[in-house]
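**Q**
Number of protein chains: 2
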Amino acid sequence: MITIKDIAKQAGVTYGTVSRALNDEPGVSEKTRAKIRAIAEQMNYVPNLAAKRMVDRSANCIGIIWPKFEGLFFYRLSERIQQEASGRGYRIMLSVAEPEDALASFQEHFIDKVIHWVYAEETASFAAAKQSFHGTILEVGYRPNGHTFCLEIDRKGAVCKAVRHLAELGHRRIAFLGARTDKLVGYTQGLVDFDLEYSPDDIVITKPSDPRMEHKIAAFLDKTHPDRATALIVDSQGLMFEFAKMANAANVRIPDQLSLVCYDDVPELHSMLPVPITTVGPNVDALARRLMDTITEQDGRESDRFEQIVESVLTVRQSTQAPSPP
Amino acid sequence: MITIKDIAKQAGVTYGTVSRALNDEPGVSEKTRAKIRAIAEQMNYVPNLAAKRMVDRSANCIGIIWPKFEGLFFYRLSERIQQEASGRGYRIMLSVAEPEDALASFQEHFIDKVIHWVYAEETASFAAAKQSFHGTILEVGYRPNGHTFCLEIDRKGAVCKAVRHLAELGHRRIAFLGARTDKLVGYTQGLVDFDLEYSPDDIVITKPSDPRMEHKIAAFLDKTHPDRATALIVDSQGLMFEFAKMANAANVRIPDQLSLVCYDDVPELHSMLPVPITTVGPNVDALARRLMDTITEQDGRESDRFEQIVESVLTVRQSTQAPSPP
DNA sequence: CTGTTAGCGCATTCAT
DNA sequence: ATGAATGCGCTAACAG
Numbered sequence: 001m002i003t004i005k006d007i008a009k010q011a012g013v014t015y016g017t018v019s020r021a022l023n024d025e026p027g028v029s030e031k032t033r034a035k036i037r038a039i040a041e042q043m044n045y046v047p048n049l050a051a052k053r054m055v056d057r058s059a060n061c062i063g064i065i066w067p068k069f070e071g072l073f074f075y076r077l078s079e080r081i082q083q084e085a086s087g088r089g090y091r092i093m094l095s096v097a098e099p100e101d102a103l104a105s106f107q108e109h110f111i112d113k114v115i116h117w118v119y120a121e122e123t124a125s126f127a128a129a130k131q132s133f134h135g136t137i138l139e140v141g142y143r144p145n146g147h148t149f150c151l152e153i154d155r156k157g158a159v160c161k162a163v164r165h166l167a168e169l170g171h172r173r174i175a176f177l178g179a180r181t182d183k184l185v186g187y188t189q190g191l192v193d194f195d196l197e198y199s200p201d202d203i204v205i206t207k208p209s210d211p212r213m214e215h216k217i218a219a220f221l222d223k224t225h226p227d228r229a230t231a232l233i234v235d236s237q238g239l240m241f242e243f244a245k246m247a248n249a250a251n252v253r254i255p256d257q258l259s260l261v262c263y264d265d266v267p268e269l270h271s272m273l274p275v276p277i278t279t280v281g282p283n284v285d286a287l288a289r290r291l292m293d294t295i296t297e298q299d300g301r302e303s304d305r306f307e308q309i310v311e312s313v314l315t316v317r318q319s320t321q322a323p324s325p326p
Numbered sequence: 001m002i003t004i005k006d007i008a009k010q011a012g013v014t015y016g017t018v019s020r021a022l023n024d025e026p027g028v029s030e031k032t033r034a035k036i037r038a039i040a041e042q043m044n045y046v047p048n049l050a051a052k053r054m055v056d057r058s059a060n061c062i063g064i065i066w067p068k069f070e071g072l073f074f075y076r077l078s079e080r081i082q083q084e085a086s087g088r089g090y091r092i093m094l095s096v097a098e099p100e101d102a103l104a105s106f107q108e109h110f111i112d113k114v115i116h117w118v119y120a121e122e123t124a125s126f127a128a129a130k131q132s133f134h135g136t137i138l139e140v141g142y143r144p145n146g147h148t149f150c151l152e153i154d155r156k157g158a159v160c161k162a163v164r165h166l167a168e169l170g171h172r173r174i175a176f177l178g179a180r181t182d183k184l185v186g187y188t189q190g191l192v193d194f195d196l197e198y199s200p201d202d203i204v205i206t207k208p209s210d211p212r213m214e215h216k217i218a219a220f221l222d223k224t225h226p227d228r229a230t231a232l233i234v235d236s237q238g239l240m241f242e243f244a245k246m247a248n249a250a251n252v253r254i255p256d257q258l259s260l261v262c263y264d265d266v267p268e269l270h271s272m273l274p275v276p277i278t279t280v281g282p283n284v285d286a287l288a289r290r291l292m293d294t295i296t297e298q299d300g301r302e303s304d305r306f307e308q309i310v311e312s313v314l315t316v317r318q319s320t321q322a323p324s325p326p
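Protein chains in written order, with the UniProt record's numbering: chain A, 1 to 326; chain B, 1 to 326.
#1: For the stretch 24-50 of chain B, which residues have a CB atom closer than 8 Å to at least one CB atom of chain A, in sequence order?
#2: Could you check whether Leu314/A and Leu151/A sit closer than 8 Å to each other, using their CB atoms as the reference points?
#3: For a contact defined as C-beta to C-beta under 8 Å, what are the partners of Leu94/A on chain B?
#4: So with Cβ pairs under 8 Å, would you call Glu307/B a contact of chain A?
#5: DSSP puts Val316/A in a beta bridge; with which residues?
#6: Decide if the stretch 104-117 of chain B is in contact with the stretch 41-48 of chain A; the criterion is three or more beta carbon pairs, one per stretch, under 8 Å apart.
#7: Comparing the C-beta of Ala249/A with each C-beta of chain B, is any distance below 8 Å?
#8: CA-CA distance, Ile4/B and Ser19/B?
#9: For the stretch 228-254 of chain A, which residues have a beta carbon sitting closer than 8 Å to at least one beta carbon of chain B?
#10: What did DSSP end up calling Lys113/B once you bin it into helix, strand or coil?
#11: Examine chain B for any beta-carbon lying closer than 8 Å to the beta-carbon of Met213/A, and answer yes or no.
#12: Show which residues of chain A have a CB atom less than 9 Å away from the CB atom of Ser86/B.
#13: Given a cut-off of 8 Å, decide if Gly63/A and Met93/A are closer than it, judged by their beta-carbon atoms.
#14: Which of the three DSSP states is assigned to Gly263/B in this structure?
#15: Please classify Leu184/B: does DSSP put it in a helix, a strand, or coil?
#16: In the UniProt domain "HTH lacI-type" (2-56) of chain B, which residue ranges form an unbroken alpha helix (DSSP H) of at least 4 residues, counting only runs that do not cross its ends?
#17: So Glu242/B is in the alpha helix (DSSP H); what residue range does that whole segment cover?
#18: Output the distance between the C-alpha atoms of Glu168/A and Gly186/A, rounded to the nearest integer angstrom.
#19: What is the DSSP secondary structure of Ile277/B, reduced to helix, strand or coil?
#20: What three-state label does DSSP hand Phe126/B in the structure shown?
#21: Can you tell me which residues form a DSSP beta bridge with Met292/B?
#22: How should Pro99/B be labelled, buried or exposed, when 16 other C-beta atoms within 10 angstroms of its C-beta is the threshold for buried?
#23: Would you check if the stretch 79-87 of chain A and the stretch 282-297 of chain A touch, i.e. whether three or more CB-CB distances between them fall below 8 Å?
#24: Taking 8 Å as the cut-off, does the stretch 132-150 of chain B touch the stretch 304-311 of chain B (at least 3 CB pairs, one atom from each stretch)?
#25: Measuring only the C-alpha atoms, how far is Gly141/B from Glu121/B?
#26: Are the stretch 18-35 of chain B and the stretch 204-224 of chain A touching, with three or more C-beta to C-beta distances below 8 Å?
#27: If the criterion is Cβ atoms closer than 8 Å, does the pair Arg228/B and Glu197/B meet it?
#28: Just to confirm before moving on: does the CB-CB distance between Ala104/A and Leu166/A stay below 8 Å?
#29: With a threshold of 16 other CB atoms inside 10 Å of the CB of Gln131/A, please say whether the residue is buried or exposed.
#30: Using three-state DSSP, classify Phe133/B as helix, strand or coil.
#31: I'd like to know whether the C-beta of residue 335/B is nearer than 8 Å to at least one C-beta of chain A.
#32: Nearest-angstrom Cα distance between Val266/B and Phe73/B?
#33: Report yes if the CB atom of Val28/B is closer than 8 Å to the CB atom of Trp66/B, and no otherwise.
#34: Would you tell me roughly how many angstroms separate the C-alpha atoms of Pro274/B and Ile254/B, rounded to the nearest one?
#35: Taking the Cβ atom as the reference point for each residue, do His171/A and Glu139/A lie within a distance shorter than 8 Å?
#36: Is the distance from the Cβ of Ser319/B to the Cβ of Asp256/B below 8 Å?
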């Protein structure tokens, strides 16, 4: 292993100077700094994080706990976060382990900033792990009770925005396909806000792990106008996969027979139907930037409490249009 | 932060003794050991991993460099690798950074075992980074020149197997959609081996980043029997997304009008068409196990050279059937 | 501007 | 069985 001492010897200075030079500390002539940088590069110097971490607490590394059930969207988000982080001189480490194990892993590797995508109330074991974790955990997405540092995503508002968009196009009966979450709340609120019709048939509660999912989707698709709603909001990309397959098979034309909005904007979505899909959800680029801003600046926050809301954007594409006349 | 020195003071011994006691080293009376343990517990002592790591530098951790362009398949593979690793007491860290940066990250964190998914000849900068990396890199997939520790995936053989399957079903004209890689070589070899017809129209060279991709796929789909082949092999899940969309739009029925085989078996694939898709490619579970076996046992290998081939499996599903009579 | 040095928390000698 | 001392690689404070 090569250390700053090796570099010092090579450069003909002491290793204190090397440390200053490499860390952009003042008090080194630009000439020596450049020389030292060159030598470090040439010798392929890699700083020893453990040693750094012993002295000052910052590791310039952010750990990310990969959530289950968010496959594609999270992959895209990770890519963007990585780019953001690189630009700011941070490294990123991902873990696909169980959240509590991931936290332990990060702990072992001196990573003291963690981004945790939350989609439900936390388990007892994770709460315990969090307790003994020595660092900052930024919780993103859902806002469980008792968190003091989190970035909530306004899923409710997002779906409400989708309802509004459809209502403005002239739809009177808008259906919802998804699980019983905030998104559903946003849907029902939208119905009320925009004074829309409501039929129990228009709410299809299911998710990809539900054994009766196919049955439920089929039941929805089997109906025809005017029994079926003229527009549908699907609450996740995972469900959208399933729905698109069945809609294709059933020859339901989008958007002629059914306008469609999907939560979460992932590129793969638009390959599933003949037309690109209108989406709502946080903008991936903006979210990545926001995440990095928040977690890198948390040191300076006065209060021990930090809660912000991330707004969603509606991206109108060809899967939504005014309802066709009967 | 509480250290072994605090415990030592409390216990009335020196901190060397505390270290021995807490690490189950011999040379401590059971009585003092018990006492020290009790005090440590009571004081809520948490060992400082950075300091530990400074003296003995082993991490029991495997780093994985996330390849570009392998989105879904690699996500599935990672999940399986994680499970395998957990069972063996290893940790997993993923990096989505540029390969050379990822390597530096791992170095910083004392991760000395790395799995690198290779899909092409390596860049000069990565070769340099590899040079100075202090640890083992297992290269998987493609086998570039000069690698000494790698697990090659028999992509050529896989596609050849696909051709064979289609030939045995009775297809005489089989097309290929994909990039100019080993997979294409496997295809042409299959044509020769099984004495099939060959038409230049049956080879569509493209990939998702190709601006003319849509045009090329459309040209293929626009033809009808007997101008079009009766079966098609798609070389990647990414392309399959695009193809499925266009096939659906063009109302090409699978498998009635066209039998279809796709390389790489990812669950999402089967939501894209009305029928589940026949696939070839390495079995994810087996591959994960093989990877872990190889990388955890590499310490004991005598030779400095290790090369093995991973076979692929064909999973027949409903997207392939005998060609319909004209 | 650069050299020198203390010390971060710990495992590991070598003494006792 | 235990104490004392050394050093891992590095930053920061102080000295020159």
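We put the CB at the ideal spot given by N, CA and C, even for glycine.
**A** So, from the data block:
#1: Against chain A - using a Cβ distance shorter than 8 Å - the residues of the stretch 24-50 of chain B are Val46, Asn48, Leu49, Ala50.
#2: Taking 8 Å as the cut-off, the Cβ atoms of Leu151/A and Leu314/A do not count as close.
#3: Within chain B, the residues near Leu94/A are Trp66, Met93, Leu94, Ser95, Val96.
#4: At a cut-off of 8 Å between beta-carbon atoms, Glu307/B makes no contact with chain A.
#5: DSSP lists no partner for Val316/A.
#6: The stretch 41-48 of chain A and the stretch 104-117 of chain B touch, with three or more beta-carbon pairs separated by less than 8 Å.
#7: Residue-level contact by beta carbon holds for Ala249/A and chain B, with a gap shorter than 8 Å.
#8: Answer to the nearest angstrom: the Cα atoms are 7 Å apart.
#9: Those residues of the stretch 228-254 of chain A that come within reach of chain B (Cβ to Cβ, closer than 8 Å) are Phe241, Glu242, Ala244, Lys245, Asn248, Ala249.
#10: Of the three classes helix, strand and coil, the one that applies to Lys113/B here is strand, per DSSP.
#11: Not one beta carbon of chain B lies nearer than 8 Å to the beta carbon of Met213/A.
#12: Residues of chain A whose Cβ lies closer than 9 Å to the Cβ of Ser86/B are, in chain order, Ala97, Glu98, Asp101.
#13: Cβ atoms of Met93/A and Gly63/A: closer than 8 Å.
#14: Strictly speaking, residue 263/B in this sequence is Tyr, with Gly absent from that position. DSSP places Tyr263/B in strand when its eight states are reduced to three.
#15: Correct three-state label for Leu184/B: helix.
#16: Here the runs fully enclosed are 4-11, 15-22, 30-43, 49-55.
#17: Run containing Glu242/B: 237-249, per the alpha helix (DSSP H) assignment.
#18: Cα to Cα, the separation comes out at about 17 Å.
#19: In this structure, DSSP gives Ile277/B a state outside helix and strand, which the three-state scheme calls coil.
#20: When DSSP states are grouped into helix, strand and coil, Phe126/B belongs to the helix group.
#21: Answer is none; Met292/B lacks a bridge partner.
#22: By the C-beta density criterion, Pro99/B is buried, having at least 16 other C-beta atoms within 10 angstroms.
#23: Contact between the stretch 282-297 of chain A and the stretch 79-87 of chain A is present, because at least three Cβ pairs lie under 8 Å.
#24: At 8 Å Cβ cutoff, the stretches touch.
#25: If you take the alpha carbons of Gly141/B and Glu121/B, they lie about 11 Å apart.
#26: The stretch 18-35 of chain B vs the stretch 204-224 of chain A: no contact.
#27: No, these two residues do not count as a Cβ contact at 8 Å.
#28: The beta carbons of Ala104/A and Leu166/A sit no closer together than 8 Å.
#29: By the 10 Å Cβ count, Gln131/A comes out exposed.
#30: Three-state result, Phe133/B: coil.
#31: No information on residue 335/B is available, as it lies outside the stretch 1 to 326 that chain B covers here.
#32: Answer to the nearest angstrom: the Cα atoms are 6 Å apart.
#33: No.
#34: Their backbone Cα atoms lie some 8 Å apart in a straight line.
#35: By the CB criterion at 8 Å, His171/A and Glu139/A fall outside the cutoff.
#36: Going by C-beta atoms, Ser319/B is not nearer than 8 Å to Asp256/B.
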